[in-house]
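Notes follow the structure.
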Amino acid sequence: MKNKSFNKANVNPLDFYCLPTFFNLYLNSTGSLLHRTVTGLKGDKQRKLTKAVKRARAAGYLSSVSNYSSSKRGITL
31 MKNKSFNKAN
41 VNPLDFYCLP
51 TFFNLYLNST
61 GSLLHRTVTG
71 LKGDKQRKLT
81 KAVKRARAAG
91 YLSSVSNYSS
101 SKRGITL
């Protein structure tokens, strides 16, 4: 995947915790985070991404069971 959207200097994943569709690139079909080697993020950004996903789950924006977009009908990945 090697997505570099969070690797930019001024982008903080914690600012995006209220946008659950934004995290679909970093979650697998069961809702767990992809490994750092798959996402291509640096270590500090991966930790911030993990914290942002945990905040989104705690606030109820993101399901902890399955991926947000894959649970809707008609949407294919």
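All the letters of the sequence shown, read from the start, carry residue numbers 31 to 107 under our numbering.
The beta carbon of each residue, even a glycine, is placed where N, CA and C say it ideally should be.
- Using a Cβ distance threshold of 8 Å, Lys-78 and Leu-44 count as a contacting pair.
- For Thr-60, there is no enclosing alpha helix (DSSP H), since its DSSP letter is neither H nor E.
- C-alpha of Thr-69 to C-alpha of Ser-93: approximately 20 Å in a straight line.
- The DSSP-derived three-state label of Leu-71 is coil.
- DSSP places Asn-54 within a helical segment (H, G or I) once states are collapsed to three.
- Excluding sequence positions up to five before and after Leu-64, its CB lies within less than 8 Å of the CB of Met-31, Tyr-56, Leu-57 and Asn-58, all in the same chain and listed in chain order.
- Taking 8 Å as the upper bound for CB-CB distance, Ala-82 and Pro-50 are not in contact here, some 11 Å apart.
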